[in-house]
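Working notes for the structure below.
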Amino acid sequence: MNRAIRFSMRLMLAVLASLAFVLASYAADNDVRVEINSEKAGPRQMEPLSERGIQRDYRAAWASIARALESNTLDPLNGPFVGSAEQWLKDTVLSQQRSGLSQRLSDQNHKVETVFYSPEGDVMELHDTAEYQLQIFDGGKAIHDEHVVVRYVVLMTPGADRWVVRELQAVPHF
Amino acid sequence: MWRSPISLVISLVCVALCPAQELRVPASVTAGDDASISTTGSGKATFYLLGPGASRKSDVNLGEEIRLPGKDVQHAGEYVAVLCSSTCDSATFYVSAAKPMTLAFVVHPSRVPVAENEAVSGVAFPFDQYDNLVLAPETISFQLASKNAPAISKATRTEDGVAWFRTASGKSAGPVQITASLGDITEKRALQQVASDPCNLRIKGERTAKGIVVETDPVHDCAGNVVPDGTIITFTASDATGKSTVDAPVKAGIAKAQIDASGPAVITVASGIVMGNELRIGGQQ
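Protein sequence lines, in the order shown, are assigned to chains A and B. Heads up, the first sequence is in the numbering used here, so the first residue is 1 and it goes up one at a time. Heads up, the second sequence is in the numbering used here, so the first residue is 1 and it goes up one at a time.
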């Protein structure tokens, strides 16, 4: 009897943990808003369907960044990123694990402009004016809390099933 | 001690309101270069640095300079420096890419028919030794060189870290070497120009005991390049019994087919949308 109760309890905890993870992911995804404007994209014209794909995948990428930097885990970075973007994001997480720091990026708003779309459609450059609340924690203690506006130069390339972020570089101005 | 009552008031106000410590970050830092952050105040504090690829926490003495070794600022981007003692003070600074060290160069397509408008394109991105995209304008030279044509060169200034070109394919089939150069950095790519669609298809034929044997003259495109083996040529024979069609691949420049027809027949040839001459063969004796 006790065995059955213990099993039920474990099952319930596992379900609750999974539910919490799904809800956290859902909350992180919904905390990211991306507006994209591709009117100036060139030399290749951006098709509406491609634009929606970029918007979806770029939004997912930022939700992944927020999850990785807050939980200090690498898993969210597998998939949406390749190349140097993946490398520095993973370096950041590993470095945060060592220093005991973490970051929370909340209430994200991204105004994205496509500035380059290659003739063959195999690479695009975006300019993202991102606004979010940046909190930095040392252990559980907040040491920094600021509403920031950061400009990012982004290179995205098509992956197997989505657009992936290859370069993500903050700049003082475009 | 105080020069005037005003300076005394200012000092007292500052003691009350000014932060215990202050950070002065560098105006600009180049990726991989050593940098330093100056602090004001006295006593111990905790210094934090967060940026792309970096997360550092260390104890510092206020009033002393905090040294940032080049390895802490290898990734271009925004860094946040935070200094905490009784309160926390923060400042941000940007690290920019170092000088270009590599070129990412993509050329499309790998095979292209000759004499096609805007058929070849290339995109180049300069990166520094730490894989940061170099956003400062740089001049990249593109060159297309093939055996039977003069080289084509084009210099393009990068805009937002990218330079690109698009051009027509050449007139002769064969390999083309495409290079992108920036200072001492050169990246080479190769593409193959292949003959375009067949042009001026000509056939000849004769009746044999088994039917009609037809074959093309050597099949060229309009620029005189022999079309690649495997190009499909379609022969169509029309006689009293109806129409029959045979597809034959080009082999060593020529396509050949045998058509079963005992009576007089009219034979036509085509490849894609290109038609050739018409051939009339009499009936079997």
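All C-beta atoms in this analysis are idealised placements derived from N, C-alpha and C, irrespective of residue type, glycine included.
Proximal residues of chain B, C-beta to C-beta of residue i below 7 Å
i, result
"Ser50(A)", "Within chain B, no residue comes near Ser50(A); the closest Cβ sits about 17 Å away, beyond 7 Å."
"Trp88(A)", "Pro52, Gly53 and His75"
"Gln169(A)", "Ala76, Gly77, Asn132 and Leu133"
"Asp91(A)", "Gly53"
"Val150(A)", "Glu78"
For residue i, the first and last residue of its enclosing alpha helix (DSSP H)
i, result
"Ser95(A)", "Gly83 to Ser99"
"Pro48(A)", "Pro48 to Ser71"
Beta-carbon spacing of residue i, residue j below 8 Å
i, j, result
"Ala54(B)", "Ser71(A)", "no"
"Pro228(B)", "Ala252(B)", "no"
"Ala237(B)", "Ala261(B)", "yes"
"Thr39(B)", "Glu22(B)", "yes"
"Ile178(B)", "Leu144(B)", "yes"
"Val154(A)", "Asp128(A)", "yes"
"Pro119(A)", "Ser121(B)", "yes"
"Leu105(A)", "Ile136(A)", "no"
"Gly224(B)", "Ile259(B)", "no"
"Tyr94(B)", "Ala170(A)", "yes"
"Leu191(B)", "Val214(B)", "no"
"Ser99(A)", "Lys71(B)", "no"
"Ala257(B)", "Ile281(B)", "no"
"Leu103(B)", "Ile185(B)", "yes"
"Leu77(A)", "Lys90(A)", "yes"
"Val80(B)", "Gly51(B)", "yes"
"Ser181(B)", "Ala149(B)", "no"
Burial state of residue i (16 or more Cβ within 10 Å)
i, result
"Glu125(A)", "buried"
"His147(A)", "exposed"
"Leu12(B)", "Low local confidence applies: a pLDDT of 46 at Leu12(B) is under 50, so the model's placement there is unreliable, with the coordinate-based value given in what follows. So Leu12(B) counts as exposed."
"Asp161(A)", "exposed"
"His144(A)", "buried"
"Val149(A)", "exposed"
"Gln193(B)", "buried"
"Ile273(B)", "exposed"
"Gln153(B)", "The residue you asked about is not Gln; residue 153(B) is Ser in the sequence shown. Exposed, because fewer than 16 other Cβ atoms sit within 10 Å of the Cβ of Ser153(B)."
"Ala209(B)", "exposed"
"His173(A)", "exposed"
"Arg111(B)", "exposed"
"Thr241(B)", "exposed"
"Leu168(A)", "buried"
"Arg10(A)", "exposed"
"Gln74(B)", "buried"
"Arg67(A)", "buried"
"Leu17(B)", "For Leu17(B), the predicted structure reports a pLDDT of 46, less than 50, and the residue's modelled location is therefore unreliable. A value from the coordinates is still provided. Exposed, because fewer than 16 other Cβ atoms sit within 10 Å of the Cβ of Leu17(B)."
"Asp75(A)", "exposed"
Residues near residue i in its chain [Cβ-Cβ closer than 7 Å; skip 5 each side]
i, result
"Thr216(B)", "Leu201, Arg202, Ile203, Ile233, Ile254, Ala255 and Val269"
"Asp287(B)", "What the structure shows of chain B is the stretch from 1 to 285, and residue 287(B) is not part of that stretch, so it cannot be assessed."
"Asp107(A)", "Asp31, Tyr132 and Gln133"
"Val106(B)", "Gly122 and Val123"
Chain-ordered neighbours of residue i on chain A, where CB pairs are closer than 8 Å
i, result
"Arg56(B)", "Ser95 and Ser99"
"Val82(B)", "Ile136, Ile143 and His144"
Opening and closing residue of the beta strand (DSSP E) in which residue i lies
i, result
"Thr157(A)", "Lys141 to Pro158"
"Glu78(B)", "Gly77 to Cys84"
"Met275(B)", "Val274 to Ile281"
"Ser58(B)", "Ala54 to Asn61"
"Phe93(B)", "Cys88 to Ser96"
"Ala45(B)", "Lys44 to Gly51"
"Ser169(B)", "Per DSSP, Ser169(B) belongs to no beta strand (DSSP E) and is neither H nor E."
6 Å CB neighbourhood of residue i in its chain, flanking five on each side removed
i, result
"Ala41(A)", "Thr114 and Tyr117"
"Lys147(B)", "Gly174"
"Lys111(A)", "Glu35 and Thr129"
"Arg157(B)", "Pro137 and Thr139"
"Ala98(B)", "Thr30, Ala31, Gly32 and Asp128"
"Arg166(B)", "Glu118 and Ser121"
"Gly230(B)", "Pro249"
"Asp247(B)", "Ile232 and Thr234"
"Leu68(B)", "Ala35"
"Ala91(B)", "Leu23, Val25 and Ala81"
Beta-carbon contacts of residue i that lie in its chain and below 8 Å, excluding the five residues immediately before and after
i, result
"Val60(B)", "Thr39, Lys44, Ala45, Thr46, Phe47, Ile66 and Leu83"
"Gly161(B)", "Phe125, Pro126, Leu133, Val134 and Leu135"
"Ala151(B)", "Gln143, Leu144 and Ala145"
"Ala168(B)", "Ala115, Glu116, Asn117, Glu118, Ala119 and Val120"
"Val219(B)", "Pro198, Leu201, Val226, Val227, Thr231, Ile233, Val250, Gly253, Ile254, Ala255 and Ser271"
"Gly63(B)", "Thr39, Thr40, Gly41 and Ser42"
Partner residues on chain A for residue i, Cβ-Cβ distance less than 9 Å
i, result
"Asp160(B)", "Val115, Phe116, Glu125, His127, Val153 and Phe174"
"Ser90(B)", "Ile136, Ile143, His144 and Glu146"
Contacts that residue i makes with chain A (C-beta to C-beta distance below 7 Å)
i, result
"Ser85(B)", "Chain A residues near Ser85(B): none, gap ~12 Å exceeds 7 Å."
Heavy atom of the ligand COA within 7 Å of residue i beta-carbon
i, result
"Phe174(A)", "Although the ligand COA was asked about, the structure shown includes no ligands whatsoever."
Under 9 Å by beta carbon: chain B residues contacting residue i
i, result
"Asp122(A)", "Val106, His108 and Val123"
"Pro43(A)", "Ser121, Trp164 and Arg166"
"Ser84(A)", "His75, Phe127, Tyr130, Asp131, Asn132 and Leu133"
"Pro80(A)", "By Cβ distance, chain B contributes nothing, its closest Cβ being about 16 Å from Pro80(A), past 9 Å."
Proximal residues of chain B, C-beta to C-beta of residue i below 8 Å
i, result
"Gln103(A)", "Leu50"
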